[in-house]
Amino acid sequence: MLMRTRTFCGKIPVHALAGTISRPVMRPFSIVVAADENGGIGENGTIPWEIPEDMKHFKNLTTKIRGKNAKPSLTRRNAVVMGRKTWDSLPAKFRPLSNRLNVVLSRSATKEKLLAEIPEPSKREAAENDILVINGGLSDALKVLVQSPYISSIETVYCIGGGTLYSEAISSPCVEALQAVHRTVVRPASESCNVFFKLPTTHSNESESAMELVRESVTEERVSSGCGGRKYQFERLVPRNREEEQYLNLVDRIIKTGHSKCDRTGVGTLSIFGAQMRFSLRGNRFPLLTTKRVFWRGVCEELLWFLRGDTNAKLLSDKGIHIWDGNGSRAFLDSRGLHDYEE
1 MLMRTRTFCG KIPVHALAGT ISRPVMRPFS IVVAADENGG IGENGTIPWE IPEDMKHFKN
61 LTTKIRGKNA KPSLTRRNAV VMGRKTWDSL PAKFRPLSNR LNVVLSRSAT KEKLLAEIPE
121 PSKREAAEND ILVINGGLSD ALKVLVQSPY ISSIETVYCI GGGTLYSEAI SSPCVEALQA
181 VHRTVVRPAS ESCNVFFKLP TTHSNESESA MELVRESVTE ERVSSGCGGR KYQFERLVPR
241 NREEEQYLNL VDRIIKTGHS KCDRTGVGTL SIFGAQMRFS LRGNRFPLLT TKRVFWRGVC
301 EELLWFLRGD TNAKLLSDKG IHIWDGNGSR AFLDSRGLHD YEE
């Protein structure tokens, strides 16, 4: 019987919502803040201390993009989100902050108005692509930055104040998109501060405590070269990862209470039975557990091998996947009483 086949040369139609269905509602972001021991961050629109090292740290953090020797450009850079008062508090010569997209939140200002405040024509023209004014709050900005063209041109989003914006950042719904807090701790505390930043506190309610922040890293305490010789240190706080903790706790449990058994390598294994881990797949997340660099081609070939129901390790070995070679050797099969199995 002759069969006629057709070759489809056209494009397969794509659903209108493709690419947006899995996109998060708000853009993930980080907070950058300098605060004293009491949480004070400002005094009547000014910073009550002079720490040049913190200004350098702020610039390096908010301009750095991933990649060796990578430099910010219009097609790939970071964004700094700030309130109108924070924008006004920046020295005129630094507005807008260079090599970053300056997102200014204001219900009255416009991009044209902010550009008009820049006196030098050449700098005003250069700033045309560096300012974005959004009529709304932080949540509105995060919803804009998750859309095109910013989803591809902006690498990291930083919230840099002021007080009202920080309060919104650590409250729902924005706090669900919070990735990290980069905090400069200043000592001693300034008694003149009237604007404060308070970290989310731990609650007994599980849904609230899910946003508990833990210290991931901290530098040693240093003395600033600025006026007053303030002490400072940089720390990075991240939301507590309870899903990762259950994995680490399970590993700890296996090490301490696992049943020891010899294996073909001579190293031995530790194992327990009846353990389980649970992971939420909400928020465009997928658990990936590994302790070292993964040989992805080997993982895929082995997975397909399992799905086909194959048991012949030579099929993997022929493709350069040797993870099961030892388990298919004649010596190993004989040691397990599998004398009739083919090597």
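All the letters of the sequence shown, read from the start, carry residue numbers 1 to 343 under UniProt numbering. Even for Gly, the Cβ is constructed at its ideal location relative to N, Cα and C.
Inset, instruction - Please determine if the segment 96-104 and the segment 127-135 are in contact, where contact requires at least 3 C-beta pairs separated by less than 8 Å. - result: yes
Inset, instruction - Taking residue 174 and residue 138 to be in contact with their CB atoms under 8 Å, please state how far apart those CB atoms are, rounded to whole angstroms. - result: As a position in the sequence shown, residue 174 is number 174, starting the count at 1. As a position in the sequence shown, residue 138 is number 138, starting the count at 1. Contact flag correct, Cβ pair sits at about 5 Å.
Legend entry - In chain order, each beta strand (DSSP E) run of at least 3 residues that lies wholly inside the segment 130-201: 131-134, 154-159 and 178-187
Inset, instruction - Provide the residue span of the beta strand (DSSP E) that contains residue 239, from first to last. - result: Within the sequence shown, the letter at position 239 stands for residue 239. Where residue 239 is concerned, the enclosing beta strand (DSSP E) stretches over 231-239.
Legend entry - Endpoints, the alpha helix (DSSP H) within which residue 298 is located: Against the sequence shown, residue 298 aligns to sequence position 298. Its alpha helix (DSSP H) spans residues 296-307.
Inset, instruction - Would you identify the three-state DSSP class for residue 209, choosing helix, strand or coil? - result: For this step, residue 209 is matched to residue 209 along the sequence shown. Its pLDDT being 38, under 50, residue 209 is placed unreliably by the model, and the measurement read from it follows with that caveat. Here residue 209 sits in helix by DSSP.
Inset, instruction - Tell whether a beta-carbon distance below 8 Å holds between residue 30 and residue 181. - result: Taking the sequence shown and counting its residues from 1, the one referred to as residue 30 is at position 30. Taking the sequence shown and counting its residues from 1, the one referred to as residue 181 is at position 181. Contact flag set, yes.
Inset, instruction - Select from 161, 46, 256 and 190 the residue whose C-alpha is nearest the C-alpha of residue 231. - result: Counting from 1 along the sequence shown, the entry for residue 231 is found at position 231. Answer by Cα proximity: 190.
Legend entry - Own chain partners of residue 87 with C-beta closer than 6 Å, once the 5 adjacent residues on each side are dropped: On the sequence shown, position 87 is the one that residue 87 refers to. Excluding positions up to five away in sequence, the list reads 104.
Inset, instruction - Give the straight-line distance between the Cα atoms of residue 364 and residue 241, rounded to the nearest whole angstrom. - result: The shown model of the chain, from 1 to 343, leaves out residue 364, and the question about it has no answer.
Legend entry - the segment 140-157 / the segment 108-118 touching (three or more Cβ pairs under 8 Å): no
Inset, instruction - Specify the secondary structure class of residue 261 as computed by DSSP and reduced to three states. - result: Position 261 of the sequence shown, counted from the first residue, corresponds to residue 261. In the structure shown, residue 261 sits in a strand (DSSP, three-state: E or B).
Legend entry - Range covered by the alpha helix (DSSP H) that runs through residue 116: In the sequence shown, counting from the first residue as 1, residue 116 sits at position 116. Start and end: 111-116.
Inset, instruction - Note down the Cα distance separating residue 386 from residue 262, rounded to an integer number of angstroms. - result: There is simply no residue 386 to check, as the chain begins at 1 and stops at 343 in what is shown.
Legend entry - Residues near residue 50 in its chain [Cβ-Cβ closer than 8 Å; skip 5 each side]: Residue numbering aside, residue 50 sits at position 50 when the sequence shown is read from its first letter. Within the same chain, residue 50 has close Cβ partners 224, 226, 227, 228 and 230.
Legend entry - Length at least 4, wholly inside the segment 20-86: the alpha helix (DSSP H) runs in chain order: 52-63
Legend entry - residue 162 beta carbon less than 8 Å from that of residue 39: Translated into positions along the sequence shown, residue 39 becomes position 39. Translated into positions along the sequence shown, residue 162 becomes position 162. No; because the gap between Cβ atoms is not below 8 Å, this pair is not in contact.
Inset, instruction - Between the Cα of residue 196 and those of 170, 213, 217 and 218, spot the shortest distance and give me the residue it belongs to. - result: Stepping through the sequence shown from its first residue, residue 196 is reached at position 196. When only C-alpha atoms are compared, the closest one is 170.
Legend entry - DSSP three-state assignment for residue 105, whether helix, strand or coil: The residue you call residue 105 lines up with position 105 of the sequence shown. Three-state result, residue 105: strand.
Legend entry - Cβ distance (whole Å) where residue 183 is taken to contact residue 248 below 8 Å: The residue labelled residue 183 in the question sits at position 183 within the sequence shown. The residue labelled residue 248 in the question sits at position 248 within the sequence shown. The pair is not a contact, with the Cβ atoms about 25 Å apart (cut-off 8 Å).
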